[in-house]
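In what follows, a single structure is set out as structure tokens and then discussed.
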Amino acid sequence: MTGAGGQLGREVVAAFAGHEVVAADHATLDVADRDAVLGAITTTRPDAIVHAAAWTAVDACESEPDHAFLVNGIATRHVADAARRVGARVCYISTDYVFDGTKPEPYIEWDAPNPRSVYGASKLAGELEIRGDPDATIVRISYVCGEHGTNMVKTILRLAGEHDTLRFVDDQRGHPTFAADAAPMIRRLVVDRRPGCFHVTNQGAVSWYEFARAVLEAAGADPSRVQPISTADLDPPRAAPRPANSVLDNAALRLSGLPLLPHYRESLDRLVRRLEG
Ligand SMILES: NC(=O)c1ccc[n+]([C@@H]2O[C@H](COP(=O)([O-])OP(=O)(O)OC[C@H]3O[C@@H](n4cnc5c(N)ncnc54)[C@H](OP(=O)(O)O)[C@@H]3O)[C@@H](O)[C@H]2O)c1
Numbered sequence: 002m003t004g005a006g007g008q009l010g011r012e013v014v015a016a017f018a019g020h021e022v023v024a025a026d027h028a029t030l031d032v033a034d035r036d037a038v039l040g041a042i043t044t045t046r047p048d049a050i051v052h053a054a055a056w057t058a059v060d061a062c063e064s065e066p067d068h069a070f071l072v073n074g075i076a077t078r079h080v081a082d083a084a085r086r087v088g089a090r091v092c093y094i095s096t097d098y099v100f101d102g103t104k105p106e107p108y109i110e111w112d113a114p115n116p117r118s119v120y121g122a123s124k125l126a127g128e129l130e131i132r133g134d135p136d137a138t139i140v141r142i143s144y145v146c147g148e149h150g151t152n153m154v155k156t157i158l159r160l161a162g163e164h165d166t167l168r169f170v171d172d173q174r175g176h177p178t179f180a181a182d183a184a185p186m187i188r189r190l191v192v193d194r195r196p197g198c199f200h201v202t203n204q205g206a207v208s209w210y211e212f213a214r215a216v217l218e219a220a221g222a223d224p225s226r227v228q229p230i231s232t233a234d235l236d237p238p239r240a241a242p243r244p245a246n247s248v249l250d251n252a253a254l255r256l257s258g259l260p261l262l263p264h265y266r267e268s269l270d271r272l273v274r275r276l277e278g
């Protein structure tokens, strides 16, 4: 497992309890270091590699494209190369930001990517590095939240403690993905040796405005404290463009007869209870 210290990585490591797991966080393994990646993987000879390490600072990627393509693109080439040498299957974690957001309906796995940001383009580069491997799995997730690390649920709760009124954009829509829900499905896809691309998100599409209202409701606060704004109203504007619609239809899971993740509201209520614990 690469990126084992990240918000998704920690849940994936937990989901593989009972398996022998090498949990490589950034300090243990820099995936941009080819020799280190080849050394680690040819020494441990895993059956499968969940490759979640990535540079996820979406706005910073705009001003440092080389670093974005190094960590998200070339590093995935190193992981794929090492995996081939030991016959390990790769499960690459990707993103809704590979899409441009102009489709009026939810995106299915077979829609053509057309990233608008450097981050999205660099994550698509990672997909392209492993797409040639017929055994590889690509799992696209979106709007990730969870107990570990920084994410929107924690940010919204913090802002609600500091301000009376919160402003969130109402013109970007997606499916929240709770790391603790996605991780067991990632485990299942890996253990079942299912190749191909899967969208793995919770159900229920929201704008960030609707999501912030839901977070306040879950925390027992007044959701009318959240006001809708448009992306154009953001001050200062974000460096990276975001897709307006990045709702991921979980078509491949559905058509494979696999269960979908629960509605985001259930998981949000559980997470807020745990964070307020
Ligand atoms: N967050 C989202 O909303 C979202 C949405 C769609 C897809 N994804 C994808 O989901 C995966 C997991 O992301 P996440 O949400 O768990 O983000 P995260 O918490 O930022 O996890 C990414 C991890 O990768 C590590 N990393 C960065 N550069 C590395 C390098 N050169 N070598 C090794 N490790 C490195 C980071 O460590 P440091 O922090 O120590 O640098 C971090 O622990 C990523 O592939 C991401 O692209 C995330």
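To get the numbering used here, take the position in the sequence shown, counting from 1, and add 1.
C-beta: ideal position from N, C-alpha, C; glycine also.
Under 8 Å between C-beta atoms of residue i and residue j
i      : j      : result
Ser123 : Cys62  : yes
Ala5   : Ala25  : yes
Ser247 : Phe100 : yes
Glu277 : Ala220 : yes
Arg168 : Asp136 : no
Asp97  : Ala240 : no
Val87  : Ile42  : yes
Pro242 : Ser64  : no
Arg226 : Asp165 : yes
Exposure of residue i, with buried meaning 16 or more beta-carbon neighbours within 10 Å
i      : result
Trp111 : exposed
Val170 : buried
Glu163 : exposed
Ser95  : buried
Leu279 : In the structure displayed, the chain extends from 2 to 278; residue 279 sits before or after that span and is not available.
Glu130 : buried
Arg141 : buried
Arg11  : buried
His52  : buried
His79  : buried
Ala18  : exposed
Ala55  : buried
Where the alpha helix (DSSP H) through residue i begins and ends
i      : result
His68  : 66-70
Val192 : 180-192
Residue i versus residue j: straight-line alpha-carbon distance, rounded
i      : j      : result
Gln8   : Pro263 : 19 Å
Thr325 : Asp31  : Limits of the chain in this structure are 2 at one end and 278 at the other, which puts residue 325 out of reach.
Asp249 : Ile109 : A quick correction: the sequence has Leu, not Asp, at residue 249. Looking at the two C-alpha atoms, the distance is approximately 6 Å.
Leu254 : Met2   : 22 Å
Asn251 : Leu160 : 31 Å
Gly175 : Ser208 : 6 Å
Val38  : Ala81  : 10 Å
Thr138 : Cys92  : 5 Å
Val192 : Gly205 : 27 Å
Gly127 : Ala15  : 25 Å
Pro224 : Thr156 : 15 Å
Gln173 : Thr103 : 11 Å
Leu272 : Asp34  : 35 Å
Thr29  : Leu190 : 26 Å
Start-to-end residues for the beta strand (DSSP E) that takes in residue i
i      : result
Pro229 : 227-230
Arg168 : 167-170
Tyr93  : 90-96
Val51  : 49-52
Ligand 2 heavy atom lying under 7 Å from the CB of residue i
i      : result
Lys124 : Ligands present in the displayed structure are limited to ligand 1, and ligand 2 is not among them.
| message | Assess contact between the stretch 200-211 and the stretch 177-186, defined as three or more Cβ pairs (one per stretch) separated by less than 8 Å. Is contact present? | response | yes
| field | Meets three-Cβ-pair contact criterion under 8 Å: the stretch 262-277 and the stretch 170-182 | value | yes
| query | Do the stretch 69-76 and the stretch 113-130 touch if we need at least three Cβ pairs shorter than 8 Å? | reply | yes
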